[in-house]
Amino acid sequence: MAMQLDNVVPFGRSFDEYVSMFNLMEPDLQQSILSVADGPASFNAEGTRLGYRIKSVDPLYCFESSEIKQRFDAVVDNIISQIESTPNDWVWDYHRSPSNLRKNRETALYKFCQDFEHSNHDGRYEVGELPQLKYADSSYGLGLCSHFLFLYSDQFDQSFHLNSIREMLRLCREVRIFPLLSLNLQTSPHLESVMGTLRELGYRCEIQPVAYELQRNGNKMLKITPP
Ligand SMILES: C[S@@+](CC[C@H](N)C(=O)[O-])C[C@H]1O[C@@H](n2cnc3c(N)ncnc32)[C@H](O)[C@@H]1O
Numbered sequence: 002m003a004m005q006l007d008n009v010v011p012f013g014r015s016f017d018e019y020v021s022m023f024n025l026m027e028p029d030l031q032q033s034i035l036s037v038a039d040g041p042a043s044f045n046a047e048g049t050r051l052g053y054r055i056k057s058v059d060p061l062y063c064f065e066s067s068e069i070k071q072r073f074d075a076v077v078d079n080i081i082s083q084i085e086s087t088p089n090d091w092v093w094d095y096h097r098s099p100s101n102l103r104k105n106r107e108t109a110l111y112k113f114c115q116d117f118e119h120s121n122h123d124g125r126y127e128v129g130e131l132p133q134l135k136y137a138d139s140s141y142g143l144g145l146c147s148h149f150l151f152l153y154s155d156q157f158d159q160s161f162h163l164n165s166i167r168e169m170l171r172l173c174r175e176v177r178i179f180p181l182l183s184l185n186l187q188t189s190p191h192l193e194s195v196m197g198t199l200r201e202l203g204y205r206c207e208i209q210p211v212a213y214e215l216q217r218n219g220n221k222m223l224k225i226t227p228p
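With positions in the sequence shown counted from 1, the corresponding number in the working numbering is that position plus 1.
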């Protein structure tokens, strides 16, 4: 089904945030990376400039950057005021304040839009949607998924999560997912059962602490590696 822009919150994170959310070390960054549900993050824009090989996939990329920016402008005030009205839900070590968070999201969006407009469709941004992606088996070293799987646990059920992660494991040697909380700041109700099934299939699932924490207690990342 065609994506409705009205249903999307096009908030994107920076390269530095991705490094911190996913514990990315230089050997990780040297792999070919598939970043799924990458939205208007500036991870690809900044990472490509640093020489890394990153492909971003998201259904959002069927829109023009001007449309994505308009949608951001339409929702940002409301989201920042929701954050301001729930001070105990957030940790400000990284972003410092709601107004600074807003600036950081605007900067990431600006960098994304510049890159998305000028990348001349060189294949770094592709339209694609979990639970099924079009790439060949084992095409990528590292698969990342930030702020989509587990976060939207109310909207997407357990089988969607399992199928999506298995699809990422079909494409990537290793998969990392952050955060493990859903929007209500509770650990995703799908996490345990998804990890249980993956372990039965022989995968190693490790929950690692990370330095990044904005949602309170949302400082854990799931790393999945093959048998
Ligand atoms: C909150 S944004 C996260 C963007 C980016 N990963 C980040 O952390 O900055 C969630 C993204 O999930 C994308 N999305 C929604 N449904 C999807 C699906 N079925 N498969 C892949 N991405 C999807 C949305 O378009 C949106 O860009």
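Glycine included, each C-beta is placed from N, C-alpha and C at the ideal position. Being a predicted model, the structure only gives us computed values, none of them experimental.
Nearer than 7 Å: is that true of the beta carbon of Gly13 relative to any heavy atom of ligand 1?
yes
Around the C-beta of Ser36, are 16 or more other C-beta atoms found within 10 angstroms, so that it is buried, or is it exposed?
buried
Closer than 7 Å to a non-hydrogen atom of ligand 1 - does that hold for the CB of Val211?
no
Pro180: beta carbon under 7 Å from a heavy atom of ligand 1?
no
Count the other CB atoms, across all protein chains shown, that sit within 10 Å of the CB of Met2; report buried if there are 16 or more and exposed otherwise.
In this prediction, Met2 has a pLDDT of 47, which is less than 50 and means its spatial position is unreliable; what the coordinates show is noted afterwards. Under this definition Met2 is an exposed residue.
Residue closest to Arg1, alpha-carbon to alpha-carbon, out of Val58, Pro99, Ala109 and Glu207:
The requested residue 1 is not part of the displayed model; the chain covers only 2 to 228.
Excluding sequence positions up to five away, which residues of its chain have a Cβ less than 7 Å from the Cβ of Lys70?
Leu110 and Cys114
What residues in its chain sit with their C-beta under 8 Å from that of Lys112, if we drop five residues either side in the sequence?
Ser15, Ser43, Ala46 and Glu47
Within this structure, are the beta carbons of Pro60 and Val10 separated by less than 8 Å?
no
If you follow the beta strand (DSSP E) that Tyr141 is in, where does it begin and where does it stop?
Tyr141 to Ser147
Under DSSP, the beta strand (DSSP E) around Cys63 begins and ends at which residues?
Segment: none, Cys63 is in no beta strand (DSSP E) and carries neither H nor E.
Would Ser120 and Tyr19 qualify as a contact pair, given that the criterion is a beta-carbon distance under 8 Å?
no
Compute every distance between the C-beta of Phe179 and the non-hydrogen atoms of ligand 3, then say whether any falls below 7 Å.
Inclusion of ligand 3 in the displayed structure is not the case, the ligand content consisting of ligand 1 alone.
Thinking C-alpha only, which one of Val195, Val211, Asp78 and Glu118 is nearest Ser66?
Glu118
What is the C-beta distance between Val211 and Met22, in whole angstroms, given that I count them as a contact (C-beta under 8 Å)?
6 Å
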